[in-house]
Amino acid sequence: MMARRTVLRAGGWAAGLALLGLSAPAQAAGVVEIRMRGNADGSTVWFDPVGVLVEPGQTIRWINVDPGNAHTSTAYHPANGDHPQRIPEGAAPWHSDYLLPDQTFELRLTVAGVYDYFCLPHEEAGMAGRLVVAHPQGSPSVAARPEPAQRPLPSVEEILRRKIVRIDR
Ligand SMILES: [Cu+2]
Numbered sequence: 001m002m003a004r005r006t007v008l009r010a011g012g013w014a015a016g017l018a019l020l021g022l023s024a025p026a027q028a029a030g031v032v033e034i035r036m037r038g039n040a041d042g043s044t045v046w047f048d049p050v051g052v053l054v055e056p057g058q059t060i061r062w063i064n065v066d067p068g069n070a071h072t073s074t075a076y077h078p079a080n081g082d083h084p085q086r087i088p089e090g091a092a093p094w095h096s097d098y099l100l101p102d103q104t105f106e107l108r109l110t111v112a113g114v115y116d117y118f119c120l121p122h123e124e125a126g127m128a129g130r131l132v133v134a135h136p137q138g139s140p141s142v143a144a145r146p147e148p149a150q151r152p153l154p155s156v157e158e159i160l161r162r163k164i165v166r167i168d169r
């Protein structure tokens, strides 16, 4: 089966540059990979890492490495099942659709800020993650936001400090 490889360019910034015959300038940073994981009996599911600092335009790739479950990467946004908006104003919401084991989904975010997302079938089980999009140099303009009720996500400050935050299992 072919792996799903969907690229969604929120904001159309890179596409606009391509139309001008220019390449995106922020190619230095590599792909950030976030694994969708579950334990053997399926009782615990999570994103690994759960919190990541990414640069604007950097490719974020989710991969389902859980042989026992389908997972999604779905932005907290009213467009996704009436969820509260927990992505920056002006940023496009995303929904990966269901990823079977070994399938992937790619996303590029160009609007700086804090993005919270969840797994559609496992939100109740606390499967959620946080991305902070900021330039590595200079002070990032990211606003703090109230924590979701279901489960504490790593704080913006912790993500900025450690860049990658994992859940210990
Ligand atoms: Cu899931």
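The opening residue of the sequence shown carries number 1 in the numbering used here; numbering runs sequentially from there.
Note that CB positions come from ideal geometry on N, CA and C, so glycine has one too.
query: Any residues whose CB sits closer than 7 Å to a heavy atom of ligand 1? List them in chain order?; result: 36, 45, 69, 71, 72, 119, 121, 122 and 127
query: Counting pairs of Cβ atoms below 8 Å between the segment 98 to 106 and the segment 47 to 57, do you hit three or more?; result: no
query: Return the CA-CA distance between residue 65 and residue 86, expressed in angstroms with no decimal places.; result: 26 Å
query: Taking the alpha helix (DSSP H) that residue 159 belongs to, which residues open and close that run?; result: 156 to 162
query: If residue 118 sits next to residue 134, beta carbons under 8 Å apart, how far is it from one beta carbon to the other, in whole angstroms?; result: With a Cβ gap of about 21 Å, residue 118 and residue 134 do not count as contacting.
query: Between which two residues does the beta strand (DSSP E) holding residue 107 run?; result: 104 to 108
query: From the DSSP output, in three-state form, read off residue 83 for me.; result: coil
query: Check each candidate in 29, 75, 48 and 165 and name the one with the smallest Cα separation from residue 84.; result: 75
query: Rounded to whole angstroms, what is the Cα-Cα separation between residue 157 and residue 116?; result: 15 Å
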